[in-house]
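Report on the structure given below.
Residue numbers (our numbering), protein chains in the order written: chain A, 119 to 422; chain B, 73 to 401.
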């Protein structure tokens with residue numbers, strides 16, 4: 119919005135449309151991916167290496183580094199969400215107000231869960247709705263199918279947890295929720311590929327190689343370990359045939375490389391957050407990703 | 073104020089220094105106060121205080137008033153012997169009464185496998201895993217890790233059965249009369265093997281990684297399983313207090329992690345071949361167990377209203393953005 123009597127800011131061709139807090143979001147993405155590698159993947163799997171007694175020192179170093187990175191990532195998540203809310207408040211347009219209100223709602227939910235105010239189920243539903251609302255608000259144009267798949271996966275996988283807090287035993291429907299949630303999650307990279315339309319033989323060749331490697335890894339002896347890791351970190355149980363994950367990896371890699379750089383940070387944050395309800399830190403990563411996406415979209419719209 | 077704030081945020085240098093200062097201050101505060109800002113949002117199993125003792129009977133009416141949690145299971149595949157995964161889900165309820173924690177596990181199983189007498193037979197079984205109270209961090213749910221051990225309660229269907237005579241399984245078998253009944257001639261019993269002592273159908277075990285599973289010094293866990301209508305229902309019970317740091321600690325107003333495992337003997341499942349869950353949260357409340365029915369309906373209504381309200385806002389925002397994008401085209 120432009121104040122009366124003040125010259126409107128001129129859009130500069132080629133200038134990045136990233137929101138003002140994007141540096142913080144970028145730092146959060148780096149810290150969250152480092153935490154994912156060191157804590158949720160590295161230290162959780164390394165403890166089962168038979169030769170660990172001989173590797174005790176590197177393992178201790180890795181867990182120490184993981185602890186530091188986790189504290190840093192959590193601090194960055196708090197500041198990034200505050201910065202996103204502040205920017206939304208300053209912007210004053212509908213996207214800004216949506217970011218301010220929804221990050222505020224998430225902050226209330228996360229604080230309430232932390233201090234045990236009210237039943238956890240209430241705040242689980244609030245978290246689900248906050249993420250779904252931010253994703254819906256970020257939709258528009260060709261990104262809509264990918265965001266719709268993401269929202270469906272989040273609601274189905276997270277809903278399986280939250281529905282039980284209402285005293286409902288999901289039974290057979292619960293198994294379908296998890297299965298459909300995983301199907302929606304695997305559809306995200308396909309929808310993203312349709313949106314960004316990756317071109318170039320070399321790009322597709324590299325993505326295809328990544329897909330073949332992923333299929334082989336899921337089908338091979340390490341497949342069960344990978345399924346554990348996808349369950350821990352992405353909320354996916356790995357119930358589909360290995361080639362489904364290979365296709366998802368291939369299309370995901372090709373789409374990521376072809377996507378505008380302004381969405382790299384949100385995508386990295388969503389990868390680190392996983393799908394569904396794990397803990398308030400991982401939910402904060404999803405909220406920060408979607409808030410960054412929504413604010414970037416608004417700035418690009420304003421610049422245009 | 074808004075103008076000043078906007079002016080400060082307009083400057084990239086100010087944004088950098090303010091952001092860095094805020095992050096480092098929060099990180100330092102978290103470290104110095106040893107505060108964990110994040111909280112789990114995973115499944116939570118609540119154990120409320122029952123007004124009467126549910127005992128070891130899985131059919132006790134107290135259990136009908138406890139809210140179940142459906143925990144997804146998957147095949148154990150982190151180490152050999154790997155396998156399992158035939159039981160997709162276990163339903164768990166928890167209560168406590170006069171300082172004793174009770175858990176009831178229930179799962180579908182078309183066959184009751186209660187004997188492991190023949191080499192080719194394996195019994196149905198279930199286990200519950202908690203972090204040891206001495207654990208400095210949340211242990212790996214795969215049997216714990218060095219420095220963060222786990223306490224496991226393991227129930228086997230065959231341990232509740234009277235040992236069959238060999239002739240029941242092998243009609244041509246002949247067994248010599250054996251006069252001695254002293255422990256000296258029953259070596260497992262003499263060595264203190266809790267399974268041979270058969271004091272309880274539940275073994276209390278501790279571990280700090282794969283291959284380190286061993287009986288705990290204190291065998292204080294009781295249990296009982298009943299098979300009916302294609303379902304197993306197994307109750308585990310243990311007093312809250314324990315002096316052994318390798319065992320789990322409980323108390324009203326405390327939370328801990330808990331994971332579950334189930335074996336289907338007819339599918340050849342034993343040892344590491346089992347269906348396992350991740351850790352979920354066990355919250356032991358000092359509040360009394362409700363009398364049955366949806367006493368929490370105000371919270372349920374509030375949760376649904378909050379979800380629907382926020383979702384409606386999200387849908388409206390999505391529709392608004394969609395229209396804006398179409399008009400801008």
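Ideal Cβ positions, reconstructed from N, Cα and C, are used throughout, including at glycine.
Computed from a predicted structure; not experimentally measured.
Non-local beta-carbon contacts of residue 371(A) in its own chain, meaning distances under 6 Å to residues more than five positions away in sequence, involve 325, 328 in chain order. Distance from the Cα of residue 251(A) is smallest, within the candidate group 219(A), 342(A), 238(A), 260(A), for 219(A).
Bridge partners of residue 330(B) according to DSSP: 352(B). In summary, the residues of the region 288–319 of chain A whose CB is separated from some CB of chain B by less than 7 Å are 288, 292, 293, 296, in the order they occur in the chain. Straight through space, the alpha carbons of residue 224(A) and residue 220(B) are spaced by roughly 32 Å.
For residue 276(A), the CB contacts under 7 Å within the same chain, skipping 5 residues up- and downstream, are 246, 394, 395 in chain order.
With a cut-off of 8 Å on Cβ pairs, the region 372–384 of chain B is not in contact with the region 137–145 of chain B, counting fewer than three such pairs. Of all C-beta pairs linking the region 347–357 of chain B to the region 153–168 of chain B, three or more are shorter than 8 Å, placing the two stretches in contact.
In the DSSP assignment, residue 308(B) forms a beta bridge with 175(B), 295(B). Given a length threshold of 4 residues, each whole run of the alpha helix (DSSP H) inside the region 261–307 of chain A is given here in chain order: 262–280.
By alpha-carbon distance to residue 376(A), the top candidate from 322(A), 291(A), 155(A), 351(A) is 322(A).
Taking 8 Å as the cut-off, the Cβ atoms of residue 185(B) and residue 196(B) count as close. With a cutoff of 8 Å on beta-carbon distance, residue 388(B) and residue 258(A) are scored as not near each other. Within the same chain, and ignoring the five residues on either side of residue 332(B) in sequence, the residues whose Cβ sits closer than 8 Å to its Cβ are 143, 145, 162, 164, 177, 198, 199, 200, 201, 348, 349. Taking a C-beta distance under 8 Å as the contact criterion, residue 118(B) and residue 337(B) do not qualify as a contact pair.
Using a C-beta cut-off of 8 Å, the region 224–239 of chain B makes contact with the region 271–280 of chain B, since at least three inter-stretch Cβ pairs fall below that distance. In the three-state scheme derived from DSSP, where H, G and I count as helix and E and B as strand, residue 187(B) is classed as coil. Identification of chain A residues near residue 111(B) by a Cβ-Cβ cut-off of 8 Å yields 228, 231, 232, 397, 398, ordered along the chain. Around the Cβ of residue 339(B), a 10 Å sphere holds 16 or more other Cβ atoms; the residue is buried.
Approximately 4 Å separates the beta-carbon atoms of residue 387(A) and residue 407(A); this is inside 8 Å, confirming the contact.
Contact annotation, residue 188(A) with residue 157(A): C-beta distance approximately 6 Å; criterion of less than 8 Å satisfied. For residue 241(B), the uninterrupted alpha helix (DSSP H) segment begins and ends at 238–241.
Between residue 134(B) and residue 122(B), the gap from beta carbon to beta carbon is short of 8 Å. Under the DSSP assignment, residue 228(B) falls in the beta strand (DSSP E) whose first and last residues are 222–228.
Along the region 147–204 of chain A, the alpha helix (DSSP H) does not occur as any fully enclosed run of 4 or more residues. The beta-carbon of residue 323(B) is placed no less than 8 Å from the nearest beta-carbon of chain A.
The C-beta distance from residue 312(B) to residue 322(B) rounds to 4 Å, short enough to fall under 8 Å. For the alpha helix (DSSP H) assignment, the uninterrupted runs of no fewer than 4 residues enclosed by the region 87–157 of chain B are, from N- to C-terminal side, 134–137. Taken in chain order, the members of the region 335–351 of chain B whose beta-carbon sits within less than 9 Å of a beta-carbon on chain A are 350. Per DSSP, the beta-bridge partners of residue 180(B) are 303(B).
At a C-beta separation below 8 Å, residue 114(B) has these neighbours in chain A: 279, 395, 396, 397. Assignment of residue 165(B) by DSSP, reduced to helix, strand and coil, places it in the strand class. Nearest to residue 272(A) by C-alpha distance, out of 289(A), 181(A), 306(A), 145(A), is 306(A).
In this structure, the straight-line span from the alpha carbon of residue 288(A) to that of residue 175(A) is close to 46 Å. Take the alpha-carbon of residue 266(A) and the one of residue 362(B): they are about 40 Å apart.
Interface flag for residue 174(B) against chain A is unset, since no Cβ pair is found closer than 8 Å.
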